[in-house]
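One structure below.
Numbering (our numbering), first residue to last: 2 to 791.
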């Protein structure tokens, strides 16, 4: 086994308990290169809003380490996707009758409907504001171009163009970098991690949604090589997470509804619906949205969830369609199903022969190679940003630099291309197309650069043959490829879907133009638009490696099922070729963040490992009746890292080891300490304060830190009976269970802790997400990642 480092032993999730010398208190060795914080957390150094939950606490003296792709971060915790079936939960479920369960099911459908409506409204808002801001910018620049071109003052127009774009981007970058950095990018990698079971701090907060919406408006209006469709997926997920809880923790407003759904298991399902609704609003593809949530997001699925997600997607598309019909003065004319409309291919253009299928497959291979190149360049660029562009002011300056360069390059290429052609069908939205040309002519390069990316894609799909010349398409492909690669990863809210479509459509149409020139029968290759469609699919597939969902999205967005088979073959080819060189873009960025992401299957060569070899041990355990002071000390000393504790029953003899009887979470212990659920030791009372599940749901999801709970010296001597609150039936595995079997059980059930026991049910260790995620298949076989608090 190559590149295997020494394993760190600890209890639960996070770093091991350390003594004053920096060594693990319970034994074990530190991984080489790992950095750990020693000492108590100073909460006075944190802002009040930061001290809201255990997971949000930040260590005050963590040593900064350079980025290393061989590291696995310990700062990410897991979500509790496995319900704790303690006595409180079972009593509540047993009290509920058939009608109560029916009402809950109706509530789930109502919530999905609300998710669809709100996601559609957000998409409308983004679309309308982007159109207004971009139109204002184009009008101003067009006016000055016409004013100064004749007198040789074109530089004034260029400066104005650069300033306007940079101003939009500067505002978008400032709100992201200084107010909510998690809103950067498309948000799809973060949502994938959330649905996989990883808690990404602040990813589904209301503040994140506001910054995401405002940021993507500024990014698109600022002329960056970005799209607004990807961020819609993140926006829909945030809407779902908020609506399903019936309250806003950010606004400190509780509507006293949907309280039953205040747990990770239920929220996960609604977030899946929100992500699908975002795709549906972006592309007008409700079926594609469901499949995207299944393929790229959701780790757990069932039939009823499929129906509810499809319902949310349909409502989202309908809401967007209806509102935009009112905005365009055609109320009730539902002709705008999504933010992007690729247009419908006529019957002549969609025809293709079986002899063209090998050409389509070859284009898929080209898309896979170009997508891999895109991902590799972006990978190294992102590492550079992590190491050197990590301060907010530098991030804003880089975003403005990219905006200025993009504006200058586009302006220069339009001016020097001199690609003027007769204007046949002028429409009000085509005003950028006549730049630097005589009356009655348009500039083809301006058609690609000065239109919004969505319109540019549509023109590449549907403009008649002869609209673009090969030189224009070649230069545009190269330029836009580099600009899009540089742009993705900036501290702005932006997506990669539409830039990928635009790059692929450009080189795809170029192939469609060149094919007739290389053959004698030009009528066979009459329409280059179909090759633009295939190229767009190949390029996006090569970058993000989507297959099933992207096939359906393209068919729905173009209203054309004829190209279903070619698109499917192209996407499969692009994925196979691209995966040979590097992972998909989203997986690359998940790895760069050192997130403990669990894929569908364990590494192929991991049968040689057993639960005994991968588990964390020894484990901190509690007795079923434990002293309060002991619980407080353990929670305080382990900071935020121990989140699950096996509960044991001591044997009759003093030297007999305890046996497992349950599992209790840190969040549950925090609530018990907060409500003083103690048994007074002095009077040996057998009862303690009665709690309900509502008390735990009210504290969810921002459980208070242990440092905020005061326990007096007298209370430390009291006892706490954990029997009623622990999960008495935790999942366990024997020590000899193979790693693939452990992985399958952990991944399929969405576990956070898996207890490893011996033949007499004694606790031998715990398997957590990080124990499994650190094993991966490298170039030289099975490798083990180093653990560090990055």
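For glycine and all other residues, C-beta sits at the position ideal for the given N, C-alpha and C.
For residue 543, the enclosing alpha helix (DSSP H) starts and ends at 530-545. In the DSSP annotation of this structure, the continuous segment of the beta strand (DSSP E) that includes residue 769 starts and ends at 764-769. A direct Cα-Cα distance of roughly 14 Å separates residue 732 from residue 763. Between residue 637 and residue 707, the C-beta gap is smaller than 8 Å, which places the two residues in contact. Annotation for residue 667: the continuous alpha helix (DSSP H) segment containing it runs 667-675. Going by beta carbons, residue 399 and residue 491 fall inside the 8 Å limit. When the alpha-carbon of residue 192 is set against those of 126, 596, 284, the nearest one is in 596.
The Cβ-Cβ distance between residue 138 and residue 165 falls below 8 Å. Contact between residue 324 and residue 114 fails: their C-beta atoms lie close to 16 Å from each other, not under 8 Å.
Spatial neighbours of residue 478 in its own chain (CB-CB distance under 8 Å, excluding positions within 5 residues in sequence) are listed in chain order as 504, 507, 508, 511. In the three-state scheme derived from DSSP, where H, G and I count as helix and E and B as strand, residue 711 is classed as coil.
Judged by DSSP secondary structure, residue 789 falls within the beta strand (DSSP E) whose first and last residues are 787-789. For residue 618, the secondary structure class from DSSP, reduced to helix, strand or coil, is coil.
DSSP, reduced to helix, strand and coil, places residue 732 outside both helices and strands of the structure shown, so it counts as coil. Out of 737, 768, 740, the CA that lies nearest to the CA of residue 752 is found in 768.
Taking one beta carbon from each stretch, the segment 246-255 and the segment 280-290 have fewer than 3 pairs nearer than 8 Å; the two do not touch. Per DSSP, residue 581 is one residue of the alpha helix (DSSP H) stretching across 565-582.
Distance between residue 760 and residue 536, taken at the CA atoms: about 59 Å. According to the DSSP assignment, residue 295 belongs to no alpha helix (DSSP H), since it is labelled neither H nor E. Residue 199 sits away from residue 744, with the two beta carbons spaced by 8 Å or more. Pairing residue 575 with residue 372, the inter-Cα distance amounts to about 8 Å.
Burial is judged here by how many other beta carbons sit within 10 angstroms of a residue's own beta carbon; residue 92 has fewer than 16 and is exposed. Distances from the alpha-carbon of residue 301 to those of 607, 124, 328, 268 put 268 closest. When C-alpha distances from residue 169 are compared across 343, 107, 388, 401, the shortest belongs to 401. Distance check between residue 713 and each of 634, 515, 778, 277 places 634 closest, using alpha-carbon atoms only.
The beta carbons of residue 542 and residue 551 sit closer together than 8 Å. Judged by beta-carbon spacing, residue 368 lies within the 8 Å limit of residue 540, meaning their Cβ atoms are closer than that value. Annotation: the continuous beta strand (DSSP E) that includes residue 74 extends over 72-74.
Contact between the segment 643-653 and the segment 613-628 is present: 3 or more CB-CB pairs across the two stretches fall below 8 Å. Taking a cut-off of 8 Å on C-beta distances, the segment 378-398 does not touch the segment 600-616, as fewer than three cross pairs fall below it.
Contact check for residue 612 and residue 75: beta-carbon distance about 21 Å, past the 8 Å limit, so the pair fails to qualify. Judged by DSSP in its simplified three-state form, residue 758 adopts strand.
Counting C-beta pairs with one atom in each stretch, the segment 214-227 and the segment 254-269 have fewer than three that are closer than 8 Å, which means they do not touch. Secondary structure of residue 163 (DSSP, three-state): helix. Secondary structure note for residue 477: its alpha helix (DSSP H) is the uninterrupted segment 471-488. Beyond the five residues adjoining it in sequence on each side, residue 700 comes within less than 8 Å, by CB distance, of 668, 671, 672, 675 in the same chain, given in chain order.
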